[in-house]
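Novice: Protein chains in written order, with our numbering: chain S, 63 to 942; chain W, 41 to 229. Just so it is clear, CB atoms sit at the ideal spot from N, CA and C, and this is done for glycine as well. Can you read through this structure? Questions will come right after.
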């Protein structure tokens, strides 16, 4: 061993001279080692072996490598295993080499394939299992399964399997080489499924179905190889608890592994169904579902467990897209579901669906299945897109509700097979529309939701093969979804077409015709066309009462709708309440006190009570409704949000501001989740918050909320909807309170313009708007103009709400004050005095309207030096 | 031992002295070598020795790339090239034992007869010399291992060891010269 110091000398000299030319190196080396010949010789000998054309190190290593490879490659060729002579290598698998062998004992001619395992250290337990299970495998006798003929061990203990030799091509190569049609490929898959099903019935799971385990013979018969072998090759512990793709990636091709295999969960027949799905994907699209060159194994495994592959139709060449989209995409998706128990129940079921597809029959993968889609959709997108997804979630919920409604209608009748089929077609179509939309592609969520529905509507129009009733149902479903999304105008033509179909197809089917009429009426009234809506509803109610009986749920639904019309667009709260109560009784009777329908009706009754100024009654109705929703619905239920919002409104009116704010904010949260930010429902709750903040004195926040409401309403509903006017009035009120009179006047005049196009001229909303305009004009000093508005408001309120209503009193108080301001105290004072008394008695002294009237009257008294009377009024207000 | 072991986990276990890790690693290396052997050896003329070396190197890269994070690469490169050295040396030792037992001198197969001259020494001698070198200058032995058994380029070694490529180049020349000297002197009694 060289001494350390000496080595360092050698090393430093070598490094110093290594890049120097040979002649100069010799000179310098001689100089450096003048007195140390030994050092010089050491360095010289190093340089002597440096360089050269061949690298002896590479040679030495290469010899060893070559010898190793040679030894492990062909050592069995030309030798015998049992009666078989190994004559060539058929292939190298991950864990084995497969030899072609001929029987040479002269008894008969037989060609076999012998698989010799590489693993020299086969676990003893594995060895014994190989023996016990080969008998079971040997019993598999199916034309599409390559038979296991024998198994054993070589002298050194290396296990081998003797199998039927199949002369053919790998299934993927076969399909490509013969340029097989999609139908031909499906036929092959059906046969493969049958073989797998046969093995499953014999309690044998393949575990490693893939293209390189299926050969197709010259006559087109697929033959599955290696049945049950994967299990034999994996130690017992590996079978269930270990991510098999890792260490034993050579057992399983990772990209074909099912999620449960990656996760080390129990492997069942469903694992084979998944693998058949992967194979189908590959044969149809020509690509692997999860193959990406850049994937590391870890990424691949994650993808297998988390990601949905691109649909085969999208993965395939362009000319195949149409052929693959729809049924085949759905079939592959169902076979490849992450959850084993949600895949096809068996290989046979998969084959059945493939057969259905070939025969043009409906496939199971596309119906009865929308709940799963919806759930999956939410699961998949909830994290990633949050609010952007909400619209879709909402849409799917709506589709679900629609289908449920259809289903219920179905149940009310004798559900014939034909009708069930129709329901399935409808749901399949809808699922199709939803599943083919991509929320990531759209620029914003609103256009996404609308685009989705537009696509659906267009598909219905284009599809000329739909049965009329299926078409009608689809039109109604999409129409309903449009309506819930606030696109009522687009729903109308769809509902009209559906109604025409219903009338043509089954004029006597009063239930469907009535429902179609009611749908159309609802869209029309949403769209502000109250008169037509009323006419259609009249027809619907009459048909329903005559055909379904006065106590049917359908009748109740129409009654509810009628009530809404009376309440929202006709300003007849009493009539509304009467209609709602009628419906409520039917619902309580039919569905029980805790049903959602009862809750929804209570919600509407509360709204009607608000309109009748019965806030205490409204609060009671609404609290009961909220309780029912709270108990029965999820926190993200739209109706729950509605109840919260309405209760917030009622509590605002009752002066319970902090609880009101709590309710409204909770409602807003749900609505953002369910509908997305741009929805009219969000606008209504925002507007209500605006009112609340205005009342509780936080005008700036009130304006912000109210402006938001107006903006949403303008964007979504436009000026053709009275709701936009309503929100404008609320905003104008806040502007006025903030002292921004010009903006307030602009807003309220815009609102009146909206009302003129969407509401009857004699409507309480119009009265409220004119009242507000009068007040604004009053504050701007335009007394004459103000008085015109206030007189009109007074007249309308008196006619619509009654001479005794607080609305009328409010208008009279304002009118009285303007008369006083104009110098006509003689008429003004009694008007103001009486109105104030009426306001205080009906709304209480602390209501803003009462307080305003009281303050004005006190001002008037003081201006006339009637301080005692002024003090009495102020004192009365203060004392209360 | 946990059953869920990857190649790199096994490497770590081997390094930390777990007795059966090598036994479990070796078949993985063999499998990888076999997988690649066909690609390099089948029906191709030329330098089979170099091809075999390339097979070793490619096997090495394939084994190591699976699930190693960047910061762990240097560590695993070192372990895997050590492993490759072990596999080849063990193979060579078992072959020479067989030959001794059989009492015959193995001749090269016909197909290899045309190869440029086989080495004057075998991988066992190289292994011994490397062992001596690592006593003297461990870094040099490491560089040799990475380059010859792992197939890493100078740049890759430089990156893995945090030294310059020029240093790697000098190191390899020095180490190789030293090894050849050592082998030559050991060979002569």
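Consider the Cβ of residue 86/W: report whether some Cβ of chain S lies at a distance smaller than 9 Å.
Specialist: Your numbering for residue 86/W matches position 46 in the second chain. In this predicted model, residue 86/W has a pLDDT of only 47, less than 50, meaning its place in the structure is not dependable enough to derive any value.
Novice: Checking contacts by CB at 9 Å: is residue 165/W closer than that to chain S?
Specialist: Position 125 of the second chain holds residue 165/W. With 9 Å as the cut-off, residue 165/W counts as an interface residue toward chain S.
Novice: What's the C-alpha gap between residue 608/S and residue 602/S?
Specialist: Walking along the first chain from the start, residue 608/S turns up at place 546. Walking along the first chain from the start, residue 602/S turns up at place 540. For residue 608/S and residue 602/S, the distance between alpha carbons rounds to 10 Å.
Novice: Does the count of Cβ pairs from the region 778–788 of chain S and the region 751–770 of chain S closer than 8 Å reach three?
Specialist: These segments do not touch.
Novice: Throw me the rounded Cβ distance for the residue 412/S and residue 335/S pair, which I believe falls under 8 Å.
Specialist: Residue numbering aside, residue 412/S sits at position 350 when the first chain is read from its first letter. Residue numbering aside, residue 335/S sits at position 273 when the first chain is read from its first letter. Between residue 335/S and residue 412/S the Cβ distance is about 6 Å, and since that is below 8 Å, they are a contact.
Novice: Which residues in chain S have a C-beta closer than 9 Å to the C-beta of residue 122/W? List them in chain order.
Specialist: Along the second chain, one-based indexing puts residue 122/W at 82. Under the 9 Å cutoff, chain S gives no residues; its nearest Cβ is about 14 Å from residue 122/W.
Novice: Helix, strand or coil: how does DSSP classify residue 540/S here?
Specialist: In the first chain, residue 540/S corresponds to position 478, counting from 1. In this structure, residue 540/S counts as helix in the three-state DSSP scheme.
Novice: What first and last residue would you give for the beta strand (DSSP E) that runs through residue 212/S?
Specialist: Residue 212/S sits at position 150 when you count from the first residue of the first chain. That run of the beta strand (DSSP E) goes 210–215.
Novice: Label residue 296/S either buried or exposed according to how many other C-beta atoms from any shown protein chain fall within 10 Å of its C-beta, with 16 as the threshold for buried.
Specialist: Sequence index remark: in the first chain, residue 296/S carries index 234 (1-based). Confidence at residue 296/S is low in this model, with a pLDDT of 48, below 50, so the placement of that residue should be treated as unreliable; the coordinate-derived value is given next. So residue 296/S counts as buried.
Novice: Nearest chain S C-beta to residue 116/W closer than 9 Å, yes or no?
Specialist: Stepping through the second chain from its first residue, residue 116/W is reached at position 76. So, not an interface residue.
Novice: Between residue 208/W and chain S, is there a C-beta pair that is closer than 9 Å?
Specialist: What you label residue 208/W is simply residue 168 of the second chain in a count that begins at 1. Judged by the 9 Å Cβ criterion, residue 208/W is not in contact with chain S.
Novice: Who does residue 223/S pair with in a DSSP beta bridge?
Specialist: Against the first chain, residue 223/S aligns to sequence position 161. Residue 223/S is bridged to 177/S, 213/S.
Novice: Take residue 200/S and list the residues in its own chain whose beta-carbon comes closer than 6 Å to its own, dropping the five residues that flank it on each side.
Specialist: On the first chain, position 138 is the one that residue 200/S refers to. Closer than 6 Å at the Cβ level, and outside the excluded window around residue 200/S, lie 210.
Novice: Among the candidates 381/S, 77/S, 564/S, 592/S, whose CA atom is the shortest distance from the CA of residue 820/S?
Specialist: As a first step, residue 820/S is located in the first chain; it is residue number 758 there, counting from the start. The shortest Cα separation from residue 820/S among 381/S, 77/S, 564/S, 592/S belongs to 592/S.
Novice: Confirm, please, whether the CB-CB distance from residue 621/S to residue 653/S is below 9 Å.
Specialist: Along the first chain, one-based indexing puts residue 653/S at 591. Along the first chain, one-based indexing puts residue 621/S at 559. Against a cut-off of 9 Å, the Cβ pair of residue 621/S and residue 653/S comes out as no contact.
Novice: In three-state DSSP terms, what is residue 163/S?
Specialist: One-based indexing of the first chain puts residue 163/S at position 101. Three-state result, residue 163/S: strand.
Novice: What does the alpha-carbon distance come out to for the pair residue 848/S and residue 718/S?
Specialist: Counted from its first residue, the first chain places residue 848/S at position 786. Counted from its first residue, the first chain places residue 718/S at position 656. Rounded to the nearest angstrom, the two C-alpha atoms are 32 Å apart.
Novice: Relative to the alpha-carbon of residue 208/S, which residue among 283/S, 216/S, 907/S has its alpha-carbon at the smallest distance?
Specialist: Stepping through the first chain from its first residue, residue 208/S is reached at position 146. Of the candidates 283/S, 216/S, 907/S, the one whose C-alpha sits nearest the C-alpha of residue 208/S is 283/S.
Novice: Report yes or no: is there a C-beta of chain W within less than 9 Å of the C-beta of residue 76/S?
Specialist: The residue given as residue 76/S occupies position 14 in the first chain. Yes, residue 76/S lies at the interface with chain W (some Cβ there is under 9 Å from its Cβ).
Novice: I need the boundaries of the alpha helix (DSSP H) containing residue 244/S, first residue and last residue.
Specialist: Stepping through the first chain from its first residue, residue 244/S is reached at position 182. Counting along the chain, the alpha helix (DSSP H) containing residue 244/S begins and ends at 244–263.
Novice: The region 169–200 of chain W: which residues have C-beta closer than 8 Å to a C-beta of chain S, in chain order?
Specialist: Result list: 172, 175, 176, 177, 184, 188, 189.
Novice: Would you mind reading off the limits of the alpha helix (DSSP H) that contains residue 635/S?
Specialist: Stepping through the first chain from its first residue, residue 635/S is reached at position 573. First-last of the alpha helix (DSSP H) with residue 635/S: 635–653.
Novice: Tell me which same chain residues have a C-beta within less than 7 Å of the C-beta of residue 1000/S, skipping the five on either side of it?
Specialist: The requested residue 1000/S is not part of the displayed model; chain S covers only 63 to 942.
Novice: Between which residues of its own chain and residue 54/S is the CB-CB distance below 6 Å, once the five residues before and five after are set aside?
Specialist: This structure cannot speak to residue 54/S, because chain S is shown only from 63 to 942.
Novice: Please report whether the beta-carbon of residue 102/S lies at a distance below 9 Å from any beta-carbon of chain W.
Specialist: Taking the first chain and counting its residues from 1, one reaches residue 102/S at position 40. Closer than 9 Å: no.
Novice: Determine the contact status of residue 541/S and residue 562/S, defining contact as a CB-CB distance below 9 Å.
Specialist: Here residue 541/S refers to the residue found at position 479 when the first chain is read from its first residue. Here residue 562/S refers to the residue found at position 500 when the first chain is read from its first residue. Taking 9 Å as the Cβ cut-off, residue 541/S and residue 562/S do not qualify as a contacting pair.
Novice: Alpha carbon to alpha carbon, how far is residue 815/S from residue 936/S?
Specialist: As a first step, residue 815/S must be located in the first chain, where it is residue number 753. As a first step, residue 936/S must be located in the first chain, where it is residue number 874. Roughly 39 Å separates the two Cα atoms.
Novice: Determine, using beta-carbon pairs with one atom in the region 256–263 of chain S and one in the region 395–410 of chain S, whether at least three such pairs fall under 8 Å.
Specialist: These segments touch.
Novice: So the candidates are 143/S, 666/S, 105/S; which of them puts its Cα closest to the Cα of residue 218/W?
Specialist: In the second chain, the residue the question calls residue 218/W occupies position 178. Cα-wise, what sits closest to residue 218/W is 105/S.
Novice: In the DSSP output, which residue or residues are listed as bridge partners for residue 660/S?
Specialist: On the first chain, position 598 is the one that residue 660/S refers to. Answer is none; residue 660/S lacks a bridge partner.
Novice: Hey, quick one: how far does the beta strand (DSSP E) through residue 279/S stretch, first residue to last?
Specialist: Within the first chain, the letter at position 217 stands for residue 279/S. Residues 276–279.
Novice: Could you tell me the alpha carbon to alpha carbon distance between residue 382/S and residue 128/W, rounded to whole angstroms?
Specialist: Against the first chain, residue 382/S aligns to sequence position 320. Against the second chain, residue 128/W aligns to sequence position 88. C-alpha separation (whole angstroms): 51 Å.
Novice: Taking 9 Å as the threshold (beta carbon to beta carbon), is residue 161/S in contact with chain W?
Specialist: In the first chain, the residue the question calls residue 161/S occupies position 99. Answer no: the Cβ-Cβ gap between residue 161/S and chain W never drops below 9 Å.
Novice: Can you tell me which of the three DSSP states residue 674/S falls into?
Specialist: What you label residue 674/S is simply residue 612 of the first chain in a count that begins at 1. Looking at residue 674/S - three-state DSSP - the assignment turns out to be coil, as it is neither helix nor strand.
Novice: Within 9 Å (strictly less), CB to CB, does residue 726/S reach chain W?
Specialist: Within the first chain, the letter at position 664 stands for residue 726/S. Judged by the 9 Å Cβ criterion, residue 726/S is not in contact with chain W.
Novice: Is the separation between the beta-carbon of residue 867/S and that of residue 676/S shorter than 9 Å?
Specialist: Within the first chain, numbered from 1, the residue matching residue 867/S stands at position 805. Within the first chain, numbered from 1, the residue matching residue 676/S stands at position 614. It is not a contact, given that the beta carbons lie outside the stated cut-off.
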